[in-house]
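K.L.:
Numbering (mature numbering (1 follows the signal peptide of the UniProt record, and there is no 0)), first residue to last: -18 to -1, 1 to 451. The structure is given below, and queries will be raised subsequently.
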Ligand SMILES: [Zn+2]
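In structure tokens:
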């Protein structure tokens, strides 16, 4: 209740500031004008931060996510769990009294890993932890038993192509960065099949491991035979590499029951706070609701989805209504290559001139440090100015380039984009593994992330003019 009075008062400020600054429509605002307009949001930003970090909404996004993740579990594209998650969110957003809560249909891939295991038979019996990669084919029912060739790179594979025929290729590529190393996961099977291998096992794309395989999507190529492919732990990849370096013969038995079904019906989940003055103009905040089929998908991307929901909840709780529409989109089938986002883009791109900014949080909700931003220099200066409103929690940096599969389509067409920038040092410890659970999430960090997300989206949605592009 203590915010009501404050809001009535501060609500007047930006409108008043906007009018006084708009001396004459024929003259564009100077940057000084824009700075003043943004400074007019200082009290609103403080109110958002207070509510999210210290006030009644403290820990809410974490607690909501915990109930969701514990109740639904992991949410693979095409799965019953993902259907349940969408239903759950549809009800939850309605109960939260958000506006225009609806579902937009999308056909999504439906792959299931089935039963899978791997066993080293030579030089000794050892159970290898594996996770089949998304879209992998199965082995024959009796499995594959073959000798292993261990390589550290595609270059090495190509140099030793003659040796690879009929073997299982084990990649023991070093982890450099996700962006650089992930090609071993996405193209490892194709490259191995090109040189006649019968299966490929890929060292997980992880910066740290306690014997944990980390799954993810992989791609076949039309003219290359499809061979079964799975990821293995860093430990097993390194051990097999050491063994092969000593000249020890390694034989592995691999069995995978993976199956691809026809595409399934699914949905992007949408809710709004409709704008008061320019309702047709959109500030989009988002995260993806689907996940891999292991762990709880709490970090990837439960956190991003739930701080995006939290942004609308906080604004509603404060009795605020921005000039533009604030739209929450919870994407489906991001992990299969941004399928839901692609459909959404195709459906809505005719309104692209009304999209002010597209925001996605899909790289964790750990200690935030600022915002990744894609847009022109003028827009960047404005965003930098908006970030000064977050000085009370010391999250003010603006980094080059927003990152998010689901907002890429829009950014490529020139719509400004933003992503949450946070401490990624532990992200790839848990990414796409059984370890992605609520235990990874921290309520206080989520509060800070929600505050950043809310201040930025609210101010951009409420400023008199859209961001320049
Ligand atoms: Zn993700």
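Glycine residues also receive a C-beta, built at the ideal position from the N, C-alpha and C atoms.
So, are the CB atoms of residue 417 and residue 343 less than 8 Å apart?
P.N.:
Indexing the chain shown from 1 puts residue 417 at position 435. Indexing the chain shown from 1 puts residue 343 at position 361. Not a contact, by the Cβ cut-off of 8 Å.
K.L.:
Expressed to the nearest angstrom, what Euclidean distance is found between the alpha-carbon atoms of residue 374 and residue 294?
P.N.:
Locating residue 374 in the chain shown gives position 392, where the first residue counts as 1. Locating residue 294 in the chain shown gives position 312, where the first residue counts as 1. Rounded to whole angstroms, residue 374 to residue 294 spans 21 Å at the Cα level.
K.L.:
What do you reckon, are the CB atoms on residue 47 and residue 288 nearer than 8 Å?
P.N.:
The residue labelled residue 47 in the question sits at position 65 within the chain shown. The residue labelled residue 288 in the question sits at position 306 within the chain shown. Yes, the Cβ-Cβ distance between residue 47 and residue 288 is below 8 Å.
K.L.:
Let me check you understand the geometry: is the CB of residue 316 closer than 7 Å to at least one non-hydrogen atom of ligand 1?
P.N.:
What you label residue 316 is simply residue 334 of the chain shown in a count that begins at 1. The answer is yes for residue 316.
K.L.:
Quick one: grab the DSSP three-state call for residue 273.
P.N.:
As a position in the chain shown, residue 273 is number 291, starting the count at 1. Three-state result, residue 273: coil.
K.L.:
Can you give me the start and stop residues for the beta strand (DSSP E) that residue 242 sits inside?
P.N.:
Residue mapping note: residue 242 aligns to position 260 of the chain shown, counting from 1. It spans 241 to 255 - the beta strand (DSSP E) in which residue 242 sits, taken as one unbroken run.
K.L.:
Nearest CA to the CA of residue 16: which residue from 387, 431 and 361?
P.N.:
To locate residue 16, count along the chain shown from 1; it is residue 34. Comparing Cα positions, the closest option is 361.
K.L.:
Quick check: is the beta carbon of residue 152 nearer than 8 Å to any beta carbon in chain D?
P.N.:
Looking at the structure shown, chain D is missing, and only one protein chain is on hand.
K.L.:
What's the gap between the Cα of residue 301 and the Cα of residue 368?
P.N.:
Residue mapping note: residue 301 aligns to position 319 of the chain shown, counting from 1. Residue mapping note: residue 368 aligns to position 386 of the chain shown, counting from 1. So the two alpha carbons sit approximately 21 Å from each other.
K.L.:
Hey, would you say the C-beta of residue 270 is under 7 Å away from at least one heavy atom of ligand 1?
P.N.:
For the purposes of this step, residue 270 is taken as the residue at position 288 of the chain shown. It does: the Cβ of residue 270 is within 7 Å (strictly closer) of some heavy atom of ligand 1.
K.L.:
Please list the terminal residues of the continuous beta strand (DSSP E) segment that includes residue 150.
P.N.:
In the chain shown, counting from the first residue as 1, residue 150 sits at position 168. Per DSSP, residue 150 belongs to the beta strand (DSSP E) from 150 to 153.
K.L.:
How big is the Cα-Cα spacing for residue 407 and residue 283?
P.N.:
In the chain shown, counting from the first residue as 1, residue 407 sits at position 425. In the chain shown, counting from the first residue as 1, residue 283 sits at position 301. Each residue's Cα considered, the two are about 16 Å apart.
K.L.:
I'd like the ranges of any beta strand (DSSP E) spanning at least 3 consecutive residues and lying wholly in the region 183 to 228.
P.N.:
List check, beta strand (DSSP E) in window: 211 to 214.
K.L.:
Could you please give the first and the last residue of the uninterrupted alpha helix (DSSP H) stretch that includes residue 51?
P.N.:
Counting from 1 along the chain shown, the entry for residue 51 is found at position 69. Counting along the chain, the alpha helix (DSSP H) containing residue 51 begins and ends at 42 to 54.
K.L.:
Taking only the alpha-carbon atoms, compute the straight-line gap between residue 325 and residue 223 and give it to the nearest angstrom.
P.N.:
For this step, residue 325 is matched to residue 343 along the chain shown. For this step, residue 223 is matched to residue 241 along the chain shown. If I take the Cα positions, the gap works out to 43 Å.
K.L.:
Could you check what DSSP says for residue -1 in three-state terms: helix, strand or coil?
P.N.:
On the chain shown, residue -1 is found 18 positions in, with the first residue counted as 1. Its pLDDT being 42, under 50, residue -1 is placed unreliably by the model, and the measurement read from it follows with that caveat. Looking at residue -1 - three-state DSSP - the assignment turns out to be helix.
K.L.:
Taking 8 Å as the limit between beta carbons, can you name the residues of its chain near residue 233, skipping five residues before and five after?
P.N.:
Residue numbering aside, residue 233 sits at position 251 when the chain shown is read from its first letter. Within the same chain, residue 233 has close Cβ partners 102, 103, 104, 127, 128, 129 and 130.
K.L.:
Going by the CB atoms, is the gap between residue 203 and residue 459 shorter than 8 Å?
P.N.:
Missing from the structure shown is residue 459; the chain here goes from -18 to 451 and no further.
K.L.:
Excluding five sequence neighbours on each side, which residues of the same chain lie with their C-beta closer than 7 Å to the C-beta of residue 135?
P.N.:
For this step, residue 135 is matched to residue 153 along the chain shown. Answer for residue 135: 155, listed in chain order.
K.L.:
So who's on the other strand from residue 355, going by DSSP bridges?
P.N.:
The residue you call residue 355 lines up with position 373 of the chain shown. Its beta-bridge partners are 382 and 400.
K.L.:
State the beta-bridge partners of residue 296 as determined by DSSP.
P.N.:
Taking the chain shown and counting its residues from 1, the one referred to as residue 296 is at position 314. In the DSSP output, where bridge partners are listed per residue, residue 296 has none listed.
K.L.:
So, with DSSP's three-state summary, where would you put residue 86?
P.N.:
Locating residue 86 in the chain shown gives position 104, where the first residue counts as 1. Of the three classes helix, strand and coil, the one that applies to residue 86 here is strand, per DSSP.
K.L.:
What do you reckon, are the CB atoms on residue 462 and residue 171 nearer than 8 Å?
P.N.:
Lying outside -18 to 451, the shown extent of the chain, residue 462 is not represented and no answer is given.
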